[in-house]
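There are 2 protein chains.
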Amino acid sequence: MTRRRSTYHHGDLPRALRAAARRLVAEHGPEGFTLREAARDVGVSHAAAYRHFADKRALLAAVCEDGYRALAATLRAANRRRPTDDAATRIRRLAAAFVRFALDDPPRFHLMFGPRLNLDGRFPSLDAATDETLAAVVAEMEHGMATGRLRAARPVDLAIGFWTMVQGYADMVLRRRIKVRSRTMAMAYLERLLAPLLDGMQAPRR
Amino acid sequence: MTRRRSTYHHGDLPRALRAAARRLVAEHGPEGFTLREAARDVGVSHAAAYRHFADKRALLAAVCEDGYRALAATLRAANRRRPTDDAATRIRRLAAAFVRFALDDPPRFHLMFGPRLNLDGRFPSLDAATDETLAAVVAEMEHGMATGRLRAARPVDLAIGFWTMVQGYADMVLRRRIKVRSRTMAMAYLERLLAPLLDGMQAPRR
DNA sequence: ACCTGAACACCGTTCAAGT
DNA sequence: ACCTGAACACCGTTCAAGT
Numbered sequence: 038m039t040r041r042r043s044t045y046h047h048g049d050l051p052r053a054l055r056a057a058a059r060r061l062v063a064e065h066g067p068e069g070f071t072l073r074e075a076a077r078d079v080g081v082s083h084a085a086a087y088r089h090f091a092d093k094r095a096l097l098a099a100v101c102e103d104g105y106r107a108l109a110a111t112l113r114a115a116n117r118r119r120p121t122d123d124a125a126t127r128i129r130r131l132a133a134a135f136v137r138f139a140l141d142d143p144p145r146f147h148l149m150f151g152p153r154l155n156l157d158g159r160f161p162s163l164d165a166a167t168d169e170t171l172a173a174v175v176a177e178m179e180h181g182m183a184t185g186r187l188r189a190a191r192p193v194d195l196a197i198g199f200w201t202m203v204q205g206y207a208d209m210v211l212r213r214r215i216k217v218r219s220r221t222m223a224m225a226y227l228e229r230l231l232a233p234l235l236d237g238m239q240a241p242r243r
Numbered sequence: 038m039t040r041r042r043s044t045y046h047h048g049d050l051p052r053a054l055r056a057a058a059r060r061l062v063a064e065h066g067p068e069g070f071t072l073r074e075a076a077r078d079v080g081v082s083h084a085a086a087y088r089h090f091a092d093k094r095a096l097l098a099a100v101c102e103d104g105y106r107a108l109a110a111t112l113r114a115a116n117r118r119r120p121t122d123d124a125a126t127r128i129r130r131l132a133a134a135f136v137r138f139a140l141d142d143p144p145r146f147h148l149m150f151g152p153r154l155n156l157d158g159r160f161p162s163l164d165a166a167t168d169e170t171l172a173a174v175v176a177e178m179e180h181g182m183a184t185g186r187l188r189a190a191r192p193v194d195l196a197i198g199f200w201t202m203v204q205g206y207a208d209m210v211l212r213r214r215i216k217v218r219s220r221t222m223a224m225a226y227l228e229r230l231l232a233p234l235l236d237g238m239q240a241p242r243r
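If you read the protein sequences in the order shown, they are chains A and B.
According to the numbering used here, the stretch in the first sequence is residues 38 to 243, in order.
According to the numbering used here, the stretch in the second sequence is residues 38 to 243, in order.
Dropping the structure here:
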């Protein structure tokens, strides 16, 4: 199980630890993740990790940051394949992309949206990645308001409202607080729950 | 710091451990909670706890269950003081009560809505308490539909949609993912985010 | 019946010492 | 400059032994 290295020097230990951490979080969840196991996986003493990461949290923050960048990219791509100006459709796709991202790697999702790793501002690039993700949602709302399909409101408020609902839904489904029997059903039920919010977000029909 | 007992027998150790656990979760959060510290607080060896709780999770489940019962009571009381039949008002109050509950004891809220303690169904009474809480929200939706103010939908779907949004909001605020400078602002912003959902939940005006 | 003490197999973190 | 080994202060859990 444990890979051993005969060479003294490691190729790129920080990168290797990051990759191991991502894998182990996916395997055991953020709670079950262990710095020592990551080091073992890479074939290095656990003390070695401290040369490259200040502590366990710093390593998790790196994994978390990668997650946010991936999510931002996913959200930006949600409406690229079949562009449309219909705000409701665009937002539905955004929501679907978000929930699919969560379902694809639940532990990573929980790492990203669970206890803040950065409450003390130690990892500025993590906050930057989070902001990038939110920005993708805000951009969508601005687009919807520009084409006149969304109600007059601050785009950031609509974005946060959407974000709140969709993050809440993903969380409830992953934790099986909302019971769905399959991924397909998870997506279908998302549509149903989202419907009232979407209606309320749209400009009154003239 | 550590209370010591000279008597061999303890009055009601299970109850004392539960109380200590609730206090310690509030102090250090669910992550920082330790079975050993709870035992120390009560003045008993840590092994003694295993006479009354199968493991650490069982003790946390007890605290969690108390939390759900308290939340259910809070939600049921939300519209008792100034009864009304206006569905939007009632639901806004429900949301406010929920978020206030979260703000009053963030660690307990995270214990309740974080990693499921009962994924394997070991604690049936915990699930019962959760159901009781959801039932309070469903009852509210049924009331709103009976008086004709809510759109035609399955009450449980409206309830879960509401629940999802409000739980998501509380979580984002507690984790400072949504930045508000005070409790008052947290409540005000809740109203703002809820507005589109509430609009969408209401029956079209005739 | 209920509790203690000691033990086991783990953690995260630190630090002198090695190459 | 980078890594190891050993140590420290903790965990959760188990179990023989005590009262």
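For every residue, glycine included, the Cβ atom is placed at its ideal position computed from N, Cα and C.
Same chain, Cβ closer than 7 Å to residue i, five either side skipped, listed in chain order
i, result
"A/A139", "F146, A207 and L211"
"A/A98", "L154, N155, F160 and L163"
"A/C101", "L148, M149, L154 and L163"
"B/L195", "M178, L187 and M238"
"B/A57", "A75, D78 and V79"
Residue-level contact to chain A via CB, residue i, 9 Å cutoff
i, result
"B/E74", "no"
"B/L131", "no"
"B/P152", "yes"
"B/H180", "no"
"B/E169", "no"
"B/R212", "yes"
"B/E68", "yes"
"B/A57", "no"
Straight-line gap, residue i to residue j (C-alpha atoms, nearest Å)
i, j, result
"B/D141", "A/F199", "25 Å"
"A/A85", "A/P233", "52 Å"
"A/D123", "A/R186", "7 Å"
"A/R229", "B/R117", "30 Å"
"B/V175", "B/E74", "39 Å"
"A/E64", "A/T71", "11 Å"
"A/R220", "A/P143", "13 Å"
"A/V193", "A/R59", "31 Å"
"B/P51", "B/F90", "8 Å"
"A/Y87", "B/V203", "40 Å"
"A/E129", "B/D49", "Note that residue 129 of chain A is Arg in the sequence shown here, rather than Glu. Spanning the two alpha carbons is a distance of roughly 54 Å."
"B/T201", "B/A115", "18 Å"
"B/A125", "B/M209", "23 Å"
"B/D103", "A/S82", "44 Å"
Chain B contact for residue i (CB, 9 Å cutoff)
i, result
"A/R188", "yes"
"A/L54", "no"
"A/V203", "yes"
"A/L195", "yes"
"A/H147", "yes"
"A/M222", "no"
"A/G198", "yes"
"A/I49", "Position check: residue 49 of chain A holds Asp in this sequence, whereas Ile was assumed. Answer no: the Cβ-Cβ gap between A/D49 and chain B never drops below 9 Å."
"A/D208", "yes"
Nearest candidate by alpha-carbon position, reference residue i, set the options
i, options, result
"A/M238", "A/R127, A/T71, A/L112 and A/G158", "A/R127"
"B/I197", "B/R214, B/A172 and B/A110", "B/A172"
"A/A134", "A/K216, A/D236, A/L227 and A/T71", "A/L227"
"A/T167", "A/G205, A/L148 and A/Y105", "A/Y105"
"B/D78", "B/L61, B/D92, B/E68 and B/P67", "B/L61"
"B/R214", "B/A91, B/R220 and B/G205", "B/G205"
"A/L54", "A/G69, A/D92, A/L96 and A/A91", "A/L96"
"B/P67", "B/A56, B/M209 and B/P152", "B/P152"
"A/R94", "A/A115, A/A132, A/V136 and A/D157", "A/D157"
"A/V136", "A/D236, A/L235 and A/L231", "A/L231"
"A/G181", "A/T111, A/R218, A/V217 and A/L235", "A/L235"
"A/A225", "A/A132, A/R191 and A/T201", "A/A132"
Other residues of its chain near residue i: CB distance less than 6 Å, five sequence neighbours each side excluded
i, result
"A/T184", "D122"
"B/R113", "A173"
"B/L108", "F138 and T170"
"B/M38", "With a pLDDT of only 38 at B/M38, under 50, the local geometry of the prediction cannot be trusted, and the value read off the model is given with reservation. Counting only Cβ-Cβ distances below 6 Å, and skipping sequence neighbours, we find nothing."
"A/R40", "With a pLDDT of 41 at A/R40, under the threshold of 50, the modelled position of that residue is not reliable, and the figure given next carries that caveat. Result list for A/R40: G80, in chain order."
"B/A223", "V210 and V217"
Own chain, CB closer than 8 Å to residue i, minus 5 neighbours either side, in chain order
i, result
"A/P241", "R188"
"A/R119", "none"
Tell me which residues of the stretch 101–113 of chain A have at least one Cβ-Cβ distance to chain B shorter than 7 Å, keeping chain order.
Against chain B - using a Cβ distance shorter than 7 Å - the stretch 101–113 of chain A contributes no residues.
Residues of the stretch 224–239 of chain A whose Cβ lies closer than 9 Å to any Cβ of chain B, in chain order:
Only Y226, R229, L230, L231, A232, P233, L234, L235, D236, G237, M238 and Q239 from the stretch 224–239 of chain A bring a Cβ to less than 9 Å from some Cβ of chain B.
Check each residue of the stretch 153–164 of chain B: if its Cβ is closer than 7 Å to any Cβ of chain A, include it; give the result in chain order.
Residues R153 and L156.
Scan the stretch 115–130 of chain B for residues whose Cβ lies nearer than 8 Å to a Cβ of chain A and list them as they occur along the chain.
Against chain A - using a Cβ distance shorter than 8 Å - the stretch 115–130 of chain B contributes no residues.
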